[in-house]
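J.: Numbering (the numbering used here) for the sequence shown: 413 to 727.
Note that CB positions come from ideal geometry on N, CA and C, so glycine has one too.
Just so we're clear, the structure is a prediction, and the values are computed from it rather than from any experiment.
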Amino acid sequence: MYEVYGITLSLPEEVARGLTETNNKTTDIYIKPSSTKLYSSNKVVWYETWKGVNSGIVLSFGKRDDKWFVLDFHTDGVVFTISPDCSEIYYWAPTQKAKEEVRHLLLNTVIPLVMNHKNIETLHASSVLTSKGAIAFIGGSGDGKSTIAASLIQKGFHLVSDDKIPLYLHGEKIFIKSGPPEMNLWPRVREALNLKTIIQESQKKIFTSFTTLQHAAGSFPLVQIYFLNPIKEISPAAITSISKKEALYELIKNAQILDASDFNILKRLFLNLSQVTKHVPAKTLTYPKGIPNIEELSKILLLDINANERLTLIA
């Protein structure tokens, strides 16, 4: 058994590498490989698609006639089928290249979507830990979440989770729980940050693992949110305030939702994210598009963290 994002997973060894084993006796989700893709096109109702930043459709969402969910990743050739109660996930990878992508797709996309269906909100975000709690960088694909988080790790912060964060609401406090001890970084970014440990290479990004001295495992209060706002204009990076209404819009835009046709899930999502805007300070980080100027961004973030939140680095 392994714990990721605060839930317990039963995983094949080929997917579990690098994850933390747990003694939890209750398993939230069972994940198994399949020898077939477990669906026929004429028996699936497709209800949503995701498009890549510079490409066509990368993921199709569907439901079989028996209510099982189907997630078909077009660019990678991997198909996941998910039971209606989201307690079982089967994956089909037709080639060796597809098998190499299963772990990343499962942990960074499928599990966060499934958690939404199991009453845990998840966001498209990366997070690092300070001595006062976790701070999150929220934004779309290619906005630089991982790059910015990695730059702060080099300054002494600890990685909590890359690309996705789960939200756990406890009264007036919002907590997040740690993800896998790794980041998905562009080769140029990894080179600029002098990161050398690789667990897997892909055509686009490199998976970089972190030691226990760089990764914080556990549950941490969320104390600050930065919404990423890359712009086309060449101008100095800046941190500005954002209204609660604007913050709620950004949170909803970056929420992971398995089935947007489920009114009860949407209602719960709205109420929970409204609570986040009430209890967690939020700001906007604006900077030129492209690979961020790592030194410039980490400098203004450190100034903002120390000045406004009085957070200090973990020794």
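(1) Taking Cβ to Cβ, would you say residue 494 is nearer than 8 Å to residue 526?
(2) State the DSSP-derived secondary structure class of residue 637, mapped to helix, strand or coil.
(3) Using 10 angstroms around the beta-carbon of residue 548, count the other beta-carbons present and answer buried if the total reaches 16, otherwise exposed.
(4) In whole angstroms, what is the alpha-carbon distance linking residue 723 and residue 692?
(5) Under 8 Å: do the region 683 to 697 and the region 644 to 656 share three or more Cβ pairs, one atom per stretch?
(6) Count the other CB atoms, across all protein chains shown, that sit within 10 Å of the CB of residue 646; report buried if there are 16 or more and exposed otherwise.
(7) Suppose you measure from the CA of residue 716 to the CA of residue 594; what does that come to, to the nearest Å?
(8) Are the beta-carbon atoms of residue 584 and residue 684 separated by less than 8 Å?
(9) Rounded to whole angstroms, what's the CA-CA distance from residue 491 to residue 507? Just pull it up for me.
(10) What three-state label does DSSP hand residue 432 in the structure shown?
(11) What is the DSSP secondary structure of residue 506, reduced to helix, strand or coil?
(12) Can you name, in chain order, every residue of its own chain whose Cβ lies under 7 Å from the Cβ of residue 465, other than the five neighbours on each side?
(13) With 16 as the cutoff for other CB atoms within 10 Å, does residue 504 come out buried or exposed?
(14) Whole angstroms is fine: what's the gap from residue 414's alpha carbon to residue 519's?
(15) Count the other CB atoms within 10 Å of the CB of residue 718; is the residue buried (16 or more) or exposed (fewer)?
(16) Pick helix, strand or coil for residue 529, following the three-state DSSP scheme.
(17) Please return the same chain residues whose Cβ sits closer than 7 Å to the Cβ of residue 660, not counting the five positions on each side in sequence.
(18) Considering only their Cβ atoms, is the gap separating residue 574 from residue 551 smaller than 8 Å?
(19) Going by the DSSP bridge assignment, what does residue 694 pair with across the sheet?
T.: So, from the listed chains and residues:
(1) For this step, residue 494 is matched to residue 82 along the sequence shown. For this step, residue 526 is matched to residue 114 along the sequence shown. Yes; because the gap between Cβ atoms is below 8 Å, this pair is in contact.
(2) The count along the sequence shown starts at 1 and reaches residue 637 at position 225. Strand.
(3) Position 136 of the sequence shown, counting from 1, holds the residue named residue 548. The residue in question, residue 548, is buried, as its Cβ has 16 or more Cβ neighbours within 10 Å.
(4) Within the sequence shown, the letter at position 311 stands for residue 723. Within the sequence shown, the letter at position 280 stands for residue 692. In this prediction, residue 723 scores a pLDDT of 44, lower than 50, which makes its location untrustworthy; the coordinate-derived value is nonetheless stated afterwards. Taking the straight line from one Cα to the other gives about 14 Å.
(5) Yes, since at least three Cβ pairs between the region 683 to 697 and the region 644 to 656 fall closer than 8 Å, the two stretches touch.
(6) For the purposes of this step, residue 646 is taken as residue 234 along the sequence shown, with counting starting at 1. Exposed: under 16 other Cβ atoms inside 10 Å.
(7) Numbered from its first residue, the sequence shown carries residue 716 at position 304. Numbered from its first residue, the sequence shown carries residue 594 at position 182. If I take the Cα positions, the gap works out to 26 Å.
(8) By 1-based counting over the sequence shown, the position of residue 584 is 172. By 1-based counting over the sequence shown, the position of residue 684 is 272. In this structure, residue 684 does not lie closer than 8 Å to residue 584 by Cβ.
(9) Here the question's residue 491 lines up with position 79 in the sequence shown. Here the question's residue 507 lines up with position 95 in the sequence shown. Rounded to the nearest angstrom, the gap between the Cα atoms of residue 491 and residue 507 is 12 Å.
(10) Locating residue 432 in the sequence shown gives position 20, where the first residue counts as 1. When DSSP states are grouped into helix, strand and coil, residue 432 belongs to the strand group.
(11) What you label residue 506 is simply residue 94 of the sequence shown in a count that begins at 1. Here residue 506 carries a coil assignment [DSSP, helix/strand/coil].
(12) Locating residue 465 in the sequence shown gives position 53, where the first residue counts as 1. Around residue 465: 553 and 554.
(13) As a working note, residue 504 is residue 92 in the sequence shown. It is buried - the Cβ of residue 504 has at least 16 other Cβ atoms within 10 Å.
(14) Here residue 414 refers to the residue found at position 2 of the sequence shown. Here residue 519 refers to the residue found at position 107 of the sequence shown. Rounded to the nearest whole angstrom, the C-alpha separation of residue 414 and residue 519 is 12 Å.
(15) Start at 1 with the first residue of the sequence shown, and residue 718 comes out as number 306. Exposed.
(16) Along the sequence shown, one-based indexing puts residue 529 at 117. Helix.
(17) Your numbering for residue 660 matches position 248 in the sequence shown. Hits under 7 Å: 685, 686 and 689.
(18) One-based indexing of the sequence shown puts residue 551 at position 139. One-based indexing of the sequence shown puts residue 574 at position 162. No.
(19) Here the question's residue 694 lines up with position 282 in the sequence shown. Bridge partners of residue 694: 637.
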